[in-house]
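S.K.: Using the working numbering, the letters of the sequence shown correspond one by one to residues 34 to 171.
Every residue gets a Cβ at the ideal spot worked out from N, C-alpha and C, and that includes glycine.
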Amino acid sequence: MADKKETTQVNFRIEKELLDWIDAHSKKSYSDRTTLIKRSIHELKIRVEKEELFTQKQLIIDKKRIKIVNDEIKKLGPIKQLNKKEKENLFDLSEEKEILEEAIMQRETDEHSREYWANEIKELEEERRKRRDKFISS
């Protein structure tokens, strides 16, 4: 129950932080906004690469950031209004974001897998202990 409450509090804090970030930067120029998106993607990339820092709380944060980055990329403007350099930049940001999304999803799967096998091992050890106790007592 405490985990659910903590997760809800973390989600609320993250949402507020991200919404504040968007409000503060949504009126900036195209290049300022792409710089902010690049910075967000870079931070996510570093976190994805440093698996030792990975936690369930961080996964929630990263998934929300990816969603915000995706929304911000969509707001960069209609493709027809962008020049060639801006289109290239938009394409690169989108590609990098998708790669990070995939990496984050993979880490989420790995986390569930680790949790599953940890529980499996506990159950097998418990069964083994019961069989051992039964064997010793007979």
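If you draw a straight line from the C-alpha of Ser-73 to the C-alpha of Arg-140, how long is it?
M.R.: 18 Å
S.K.: So, helix, strand or coil for Asn-122, using DSSP?
M.R.: helix
S.K.: Given a cut-off of 9 Å on the beta-carbon distance, is the pair Leu-77 and Leu-133 in contact?
M.R.: Going by C-beta atoms, Leu-77 is nearer than 9 Å to Leu-133.
S.K.: For Glu-105, count neighbouring Cβ atoms within 10 angstroms of its own Cβ and tell me buried if that reaches 16, exposed if not.
M.R.: buried
S.K.: Assuming Lys-130 and Asn-103 form a contact by the criterion Cβ under 8 Å, report the distance between their Cβ atoms to the nearest whole angstrom.
M.R.: Between Lys-130 and Asn-103 a beta carbon distance of about 6 Å is seen, short of the 8 Å cut, so the two are scored as contacting.
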